[in-house]
Amino acid sequence: MDNFGFYAVVVVTVVLCTTFNKLKRILHKHLQKIRSISAECEPQRSNHEDLLADIKVSIFYGSQTGTAKKFAINLGHHLHNCGVRNLVVDLRQTNMDILVNLSMLDTCVALFVVATYGEGEPTDSARHFMDNLKNSYQKLDNLRFAVFGLGNSMYTYFNAVGKSIDRLLTKHGGKRLQALTLGDEVDELESTFINWRSHLTSLLIGFFNLNDHDRNYLNKQYKRIYSLKCINWNVPLVSHFVNMFINKAHVMETL
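Residue numbers (my numbering): 2 to 256.
Below is the structure:
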């Protein structure tokens, strides 16, 4: 091998070694970053599961224009601030099996915020649930519930869906935690909702025997958990919660 060939081999070897060492350092740096993120997120996943482990109230909503959804989310935030753990669930994600599983729990409450659309029709998102509820023979003997209906008294079938859900839940054996309340779009709808929310909150605090210390502690826990950056809110917490029921996985342990 002549001198040129020898030096060429040396240069290539040096370049390869330098590149390899640089890649090794980059890889090592990324591995350290991954370990750091994993270590940071691991306890947060535990807190995420802890959050699911003590859910006591499920708020189901059926909304067409967004008002019922807005009220349901408002109710959820209000209850969280009062120390009552809850999840807000679109009725399109709900069926009778989920309610049956809820009814098996001693301390779990189902709340319904539902709109009536058109001539007494359920919203698109609630239609399947309503059919399921009407045609089911399953019992809900231990289910405690409350219903807030949204409607317009200018229509013939005022709040038909709220009335139907309240009647059918009772028919299946459910127990009213609070009497059916009907909000009217043309008569102080929001004020009616706020009054219902206030009375319901007092009932729930009493039902779950929450004292001031418990409520303050739970409120702080929720604020802390909501601030965690490792929770992927693109996959809603409610989806995980509902799937646990659908899959019948550890129902008694997860609530």
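Glycine included, C-beta positions come from ideal geometry on N, C-alpha and C.
| Asked | Found |
| --- | --- |
| Please identify the residue among S203, F159, L106 and L88 whose C-alpha is closest to the C-alpha of P123. | F159 |
| Is DSSP giving V162 helix, strand or coil here? | helix |
| Which residues in the same chain as K140 place their Cβ atom closer than 7 angstroms to its Cβ, once the five residues preceding and following it in sequence are excluded? | H173 and G174 |
| Using 8 angstroms as the cut-off, can you tell me whether the stretch 105–115 makes contact with the stretch 141–159, which would need three or more C-beta pairs spanning the two stretches below that distance? | yes |
| With 16 other CB atoms within 10 Å as the buried threshold, where does A73 fall? | buried |
| How about N153 and T117: do their beta carbons lie closer than 9 angstroms? | yes |
| Which of helix, strand or coil does DSSP assign to G207? | helix |
| How would you call T95, buried or exposed, if buried means at least 16 neighbouring beta carbons within 10 angstroms? | buried |
| Given that a residue counts as buried once 16 or more other Cβ atoms are within 10 Å of its Cβ, and exposed if not, what is M131? | buried |
| Pairs of beta-carbons, one from the stretch 160–167 and one from the stretch 187–196, closer than 8 angstroms: are there three or more? | no |
| Tell me which residues share the same chain as V114 and place their Cβ nearer than 7 angstroms to its Cβ, disregarding the 5 neighbours each side in the sequence. | I60, Y62, A69, F72, A73, L76 and F149 |
| Give the DSSP-derived three-state secondary structure of E189 in the structure shown. | coil |
| Does DSSP put A127 in a helix, in a strand, or in coil? | helix |
| Does V58 pass the burial test, meaning 16 or more other C-beta atoms within 10 Å, or should it be called exposed? | buried |
| I need the straight-line Cα distance from S203 to T157, nearest angstrom please. | 33 angstroms |
| I need the straight-line Cα distance from R128 to S192, nearest angstrom please. | 27 angstroms |
| Check the DSSP bridge columns for I56 and list the partner residues they point to. | Paired residue(s): none; I56 is not in a bridge. |
| H79 by DSSP, collapsed to three states: which one? | helix |
| Within 10 Å of its beta-carbon, does R177 have 16 or more other beta-carbons around it, so buried, or fewer, so exposed? | exposed |
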